[in-house]
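What follows is a short report on a single structure.
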Amino acid sequence: MKEVTILEGRFITNRDISEKSKVVIISSIVKQELFKTGKGLGEFVKVKGVPFQVVGVFTDKNDRDNRRVYIPISTAQMVFNGGNKLFTVAFTTKEMTVEESQKAEEVIRASFAAKHKFSKDDKRAIWVRNNVQEYQRIQSLFSGIRLFIWVIGIGTIIAGIVGVSNIMIIVVKERTKEIGIRKSIGATPGSIIGLILLESILIMSFAGYVGLALGVGLLELLSPQFSSPDSYFLNPSADFGIAVRATLLLIVSGAIAGLFPALRASKIRPVDALRDE
């Protein structure tokens with residue numbers, strides 16, 4: 136069962152089947168490849184050398200199947216010498232939930248069982264591929280992958296915050312005398328905190344953008360490997376929105392990493408700092 140959405144024109148009708156019409160429904164991808172500048176509807180395409188008129192353009196949720204075309208079953212049997220033999224039967228549906236698709240699958244199985252005298256519970260007698268259910272499984276798989284990536288990403292950010300915080304603690308300790316001099320000539324605790332936070336944010340942002348640049352470079356390197364239209368990872372890329380969110384995340388992370396060292400630096404007394412060797 137396939138969930139199909141008609142974008143232009145119409146789908147195959149009972150009249151097309153009864154009259155064995157030479158009409159074809161093409162996918163949006165096929166239309167782009169065959170009719171780059173034309174409308175597609177009303178044009179003719181050849182299926183194994185036989186001309187068919189395009190009467191509809193469709194799309195579906197499964198990109199791997201979005202290069203298919205549909206013609207009337209009666210026309211296929213007549214033109215391609217199929218006789219009355221069928222190896223595959225595809226049912227197209229409107230949008231439906233997984234539960235609705237499962238009920239439709241049960242109805243289909245029961246209809247075939249009654250027609251060909253086998254038990255509807257015999258899974259070996261007829262195999263039904265439920266694309267709606269398969270799509271849901273794939274979505275669940277990718278949801279799990281996204282959750283795993285989020286866990287890894289959050290763990291990496293926490294490790295980065297701890298690392299930068301330790302670096303800034305060492306920096307504050309080594310610059311104790313400098314901080315004391317700044318405070319002795321009028322620097323306020325707020326300005327000292329701002330200075331340390333700024334340095335922490337710069338370090339975190341620099342490291343983050345190096346990682347982002349490496350990631351984009353890796354995507355560009357791997358893009359040719361995913362150029363096939365059948366690939367689930369077609370044209371992998373990082374958009375501008377991701378870069379903006381990454382920038383905000385790096386700023387917040389840098390501020391968190393530098394907060395404790397900055398507060399520690401703001402409490403340094405000039406007298407103690409000037410005595411520090």
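Numbers 136 to 412, taken from this note's numbering, label the letters of the sequence shown in order. The beta-carbon is built from N, C-alpha and C at its ideal position, and this holds for glycine as well.
Which residue or residues does DSSP assign as beta-bridge partners of F193?
-> I141, S162
Range covered by the alpha helix (DSSP H) that runs through V307 | DSSP places V307 in the uninterrupted alpha helix (DSSP H) bounded by 266-309.
Pair within 7 Å by beta-carbon distance, I160 and F146 | yes
Starting from F146, follow the alpha helix (DSSP H) in both directions and report where the run begins and ends.
-> Run containing F146: none; DSSP gives neither H nor E here.
Option in R317, V307, A245, I292 with minimal Cα separation from L383 | Of the candidates R317, V307, A245, I292, the one whose C-alpha sits nearest the C-alpha of L383 is I292.
Tell me, which residues are paired with P186 by DSSP?
-> K181
Provide the residue span of the alpha helix (DSSP H) that contains I206, from first to last.
-> First-last for I206: undefined, no H or E at that position.
Is the segment 391-402 touching the segment 322-334 in the sense that three or more CB pairs, one from each, lie closer than 8 Å?
-> Per the Cβ contact rule, the segment 322-334 is in contact with the segment 391-402 (3 or more Cβ pairs under 8 Å).
Cβ distance (whole Å) where A390 is taken to contact L332 below 8 Å = 6 Å
Report the rounded CA-to-CA distance for K155 versus S209, giving the unit in angstroms.
-> 5 Å
Closest to I320 by CA distance: which of V406, A225, F215 is it?
-> V406
Hey, how far is the Cα of Q212 from the Cα of F375?
-> 51 Å
Evaluate contact between the segment 222-229 and the segment 175-185, counting only Cβ atoms and requiring at least three cross-stretch pairs below 8 Å.
-> no
As assigned by DSSP and simplified to three states, the class of D112 | Limits of the chain in this structure are 136 at one end and 412 at the other, which puts residue 112 out of reach.
DSSP three-state assignment for E240, whether helix, strand or coil = helix
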